[in-house]
Structures are given as structure tokens and as C-alpha cells.
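Using UniProt numbering, count along the sequence shown one by one with no gaps and you end on 410.
Each residue gets a CB set at the ideal place from its N, CA and C atoms; glycine is no exception.
Down below is the structure, laid out as C-alpha cells.
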Amino acid sequence: MEYVILAVVIAVVVLGAISGLVVSGRKKKQLPPPPPATPQPSVTAPPAEPHVGEEAEAPSDEERRTVEDVTLPTAEAPAAEAPAAEPEAPAAPPVEVPEPTAGRLVRLRARLSRSQNTLGKGLLNLLSREHLDEDTWEEVEDILLTADVGVAPTQELVERLRERVKVLGTRTPDDLRELLREELLALIGPDLDRTVHTANGIGNGGDEIPGVVMVVGVNGTGKTTTTGKLARVLVADGKSVVLGAADTFRAAAADQLQTWGERVGARTVRGPEAGDPASVAYDAVKEGIAEAADVVLIDTAGRLHTKTGLMDELGKVKRVVEKHGPVGEVLLVLDATTGQNGLVQARVFAEVVDITGVVLTKLDGTAKGGIIVAVQRELGVPVKLVGLGEGADDLAPFEPKAFVDALIGD
């Protein structure tokens, strides 16, 4: 009996052990395999610093290998970039050769003749009438006044025409044309000195200095453009020119003048925007002396003739320039289309800077060519240059005979 019980107990123990093994095997199959162990880098501690009196031990071969194994490779330095090529400076614009000034007004005769319908041809048509009564002579006066000849010059011209027509008697078209040509030429003044004086002067120190020309006028008359065109006239006549950009109050005036100068090889002296114009003018003459230039052209600010303070400053510019030596010319630029208002401007400018000559712009396409007579009478100085278009070489020395011939026609 005891043997039987013992056998049963042994059998139960064996079965339990077998069941435990089976269950454990199944659990192991269900669990994911453990991740592989990450190898830890072998880091060798640096050798201890030797104490005073002790020698440092050299690292062993194993330590050298360990240190070399963990040392990161040194990054290669990037290759040095080749220096960028400097941009080439833009080529200087070619220097132009201005058109010769001799006979330039004759070549521009077609533009002058645009005003002959009102003045020249209008007068010829009236004087060709069979009977010249008072109404006809009043019409003659109206044409002259409309052309801005002025009241006093108109009355003088009509009186002379009346006398000569009465003496002439029979009047052929050729006789009348010649009569009118003579009287208009006398009215304009063929004997006035219309030379732009640019000869070298004697400075205050006794040395020779360039001829100095100041250009003045109201904004909108084409003053800066006229200064640039005048530089072309002088260069065409074989003179070297320095430009002074003393119009520091108008934006881009200095740039505009410099562009004109570069086209003919003339250097421009300029200052800061809104700077002192008298200082710029002084420096321009100084540079002209240093370069032994023939002429210094000074473009001044376009002053409003009603601004007393600004006009006084214009007088200051002239006085400062005269510290070097005399100013040879002061040219007033007037717009031919402004008529009698231009005379008001001329009067005020003449009081400030002693005008020596007049430049009439925009004379082409206007019927107001008589302003030449009026402004000369008002100022007592001659018209020296006339502008007849927008072209670079459309500024011409004024020639009274060529002007009258263009008005009268053939």
C-alpha cells in the first residue's frame, strides 16, 4: 500500500514538472527576442598627472590604440574660393565733335522762318496794298506789337516806313521787301558787339586766368541746357572748357550739366546738393586756373526774380568769383515765348549782376521774334545767342542779317 501511494506521488510530481516546462516554452515563443546589447566604447581614463619629483609614465600600446580608436577624424578645411573678378569699369562715352558755329544760324533758317508768316509776310502783305490808309498803318502796328517788338520801337519803325513809302512812290514787291529788310535790320542793330567774350583775363594776383562766363535766368527758360550747349559752341571754336554746376538747389541739375560736359570732354566741378553755390563757382574757377582751361562756364540756380533774398545770393556768387579775377560775361537766358514777362525778369536780373548779353531760347516756332528788339532796348545789351530747337547744336550765335532774311524770305 505504501508503495502504491509513493508511486502516485512520484507520478504527480513528474507530470507537474513536464507541464511547467511546456508552459514556459510557449511563453518564450510569444515574447520578442531581447535587443542585442550595444557595445560600450572603451574609454581609457587619462593618466594621472605626475606629482612633483615623479616622471610621467608613457602610455602603453593598448592605451594608444584605445585613444586612436575613439578619436574623431579631423574635418577637411573647405577649399579657398578664387577671388571674384572685379567688374570692368564702363567705357567712357566717346567725345563728340560739335558742329562748327560759323554760319550755324543760316543753316537753321528753316526754323526761323516759322515766325515769318506773322511778322515778315504779314508786313509785306500790308505794305503791298494799293492804298495805305490809316487803317492799314494801324494793322502794321498791331503786327509789330503782337510780335513783341515793343511800343516805342514799333512807333519808330512805322514812322520810318511811312516816310520811305511816301518818297518811294511806286512800290514793286522787290522794292517793299528791300525796304522792310533795311528798316528791320536797323531796328535790331547790326553794329552791336555780339561776341561772347571768353578771352583770358588777369587775376587779382597778376596771373592769367581763364575767361569766366556766368549764365543766369529763371527756371524753365532752358538755362542749364543752354550752358551745356554753349560749352559745345566753345569747344567747336577750339576752346577748352570747365563747367561749374552752381545750381545746387534744383535736383539733378549738376547731373544734367555733367552729362553735357562729358559729351564734349569738358570737366564739371560740382558740390553737394543744396550746398553753397558761391563756393562751387569759386572752386570751378580755381580748377579752371589749375588746368589752364580757356573758359569756365558757371551755371547758376534758376532764381525766381520775385525772391529778393535769392537774387541777393546770385549777386554774392558773382562777387565771390571775382576774388579770382573779372567775370567776362554774364549771359541772361530768356524764353522767347514769354514776351513782356521776360522783360520784367531781364530788368531785375540786370540790377543784380550787370547783364552783358542775352540768350533767347525757344525762338523756333514762335511768332514773337520781335522780343529781340524789345529786350535790347530794355537792357541796352545785345542778344548774343539764340536757341532754335532741341538738338545739341541748335544754339547759334545771333546774326541780325540772317535773322531778318529768314523773316522776310526770298
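Specify, as a first and last residue, the run of the beta strand (DSSP E) that residue i falls within.
i: residue 374; result: Where residue 374 is concerned, there is no enclosing beta strand (DSSP E), although the alpha helix (DSSP H) it sits in stretches over 371-379.
i: residue 190; result: That residue, residue 190, is in no beta strand (DSSP E); it is neither H nor E in DSSP.
i: residue 396; result: 395-397
i: residue 194; result: Segment: none, residue 194 is in no beta strand (DSSP E) and carries neither H nor E.
i: residue 232; result: Here residue 232 belongs to no beta strand (DSSP E); instead the alpha helix (DSSP H) covers 223-236.
i: residue 121; result: Careful: residue 121 lies outside any beta strand (DSSP E), inside the alpha helix (DSSP H) at 120-127.
i: residue 384; result: 383-387
i: residue 246; result: 241-246
i: residue 361; result: 357-361
i: residue 268; result: 267-269
i: residue 169; result: Here residue 169 belongs to no beta strand (DSSP E), and DSSP marks it neither H nor E.
i: residue 212; result: 211-217
Between residue i and chain B, is there a C-beta pair that is closer than 8 Å?
i: residue 148; result: Checking the listed chains, one finds no chain B in this structure; it contains a single protein chain.
Where residue i and residue j are concerned, what is the direct C-alpha to C-alpha distance, given to the nearest angstrom?
i: residue 406; j: residue 181; result: 10 Å
i: residue 326; j: residue 203; result: 7 Å
i: residue 193; j: residue 273; result: 37 Å
i: residue 387; j: residue 337; result: 12 Å
i: residue 256; j: residue 155; result: 43 Å
i: residue 364; j: residue 383; result: 15 Å
i: residue 404; j: residue 219; result: 29 Å
i: residue 314; j: residue 208; result: 25 Å
i: residue 243; j: residue 141; result: 44 Å
i: residue 298; j: residue 357; result: 15 Å
i: residue 97; j: residue 265; result: 10 Å
i: residue 353; j: residue 330; result: 7 Å
i: residue 300; j: residue 311; result: 11 Å
i: residue 320; j: residue 290; result: 18 Å
i: residue 275; j: residue 160; result: 53 Å
i: residue 229; j: residue 240; result: 14 Å
i: residue 173; j: residue 101; result: 33 Å
i: residue 139; j: residue 128; result: 13 Å
i: residue 344; j: residue 95; result: 39 Å
i: residue 134; j: residue 188; result: 25 Å
i: residue 224; j: residue 164; result: 44 Å
i: residue 196; j: residue 169; result: 43 Å
i: residue 362; j: residue 335; result: 6 Å
i: residue 456; j: residue 400; result: No statement about residue 456 is possible, as the shown extent of the chain runs from 1 to 410 and does not include it.
i: residue 342; j: residue 368; result: 12 Å
i: residue 210; j: residue 324; result: 10 Å
i: residue 184; j: residue 157; result: 8 Å
i: residue 152; j: residue 162; result: 16 Å
i: residue 398; j: residue 126; result: 28 Å
i: residue 176; j: residue 402; result: 18 Å
i: residue 395; j: residue 215; result: 14 Å
i: residue 217; j: residue 317; result: 14 Å
i: residue 379; j: residue 99; result: 31 Å
i: residue 248; j: residue 309; result: 16 Å
i: residue 137; j: residue 107; result: 34 Å
i: residue 408; j: residue 186; result: 14 Å
i: residue 346; j: residue 221; result: 12 Å
i: residue 238; j: residue 132; result: 52 Å
i: residue 322; j: residue 178; result: 47 Å
i: residue 171; j: residue 377; result: 31 Å
i: residue 411; j: residue 130; result: Residue 411 lies beyond the range of the chain shown here (1 to 410); nothing can be said about it.
So, under 8 Å CB-CB, residue i and residue j are touching, yes? Tell me the CB distance rounded to an integer number of Å.
i: residue 385; j: residue 348; result: About 21 Å; that fails the 8 Å criterion.
i: residue 254; j: residue 270; result: 4 Å
i: residue 328; j: residue 213; result: 6 Å
i: residue 124; j: residue 143; result: Rounded, the Cβ-Cβ distance is 10 Å, inconsistent with contact.
i: residue 252; j: residue 281; result: No, residue 252 and residue 281 are not in contact; Cβ-Cβ is about 19 Å, not under 8 Å.
i: residue 259; j: residue 333; result: About 18 Å; that fails the 8 Å criterion.
i: residue 263; j: residue 302; result: Between residue 302 and residue 263 the Cβ distance is about 22 Å, and since that is not below 8 Å, they are no contact.
Which residue comes first and which comes last in the alpha helix (DSSP H) that contains residue i?
i: residue 147; result: Counting along the chain, residue 147 falls outside any alpha helix (DSSP H), and DSSP gives it neither H nor E.
i: residue 259; result: 253-264
i: residue 286; result: 277-290
i: residue 402; result: 400-408
i: residue 106; result: 104-107
If you measure from the CB of residue i, is any heavy atom of the ligand ADP nearer than 7 Å?
i: residue 269; result: What this structure holds is no ligand at all, so the ligand ADP is not there to describe.
Item to complete: Decide yes or no for the touch test of the segment 274-292 against the segment 229-237: beta carbon pairs closer than 8 Å, at least 3 of them.
Response: no
Item to complete: Only counting runs of 4 or more residues, tell me where the alpha helix (DSSP H) segments fall wholly within the segment 298-340, in order along the chain.
Response: 308-321
Practice prompt. Determine contact between the segment 200-218 and the segment 382-399, defined as no fewer than three beta-carbon pairs at a distance below 8 Å.
Written response: no
Worksheet item: Should the segment 373-382 be regarded as contacting the segment 146-165, the criterion being three or more beta carbon pairs within less than 8 Å?
Response: yes
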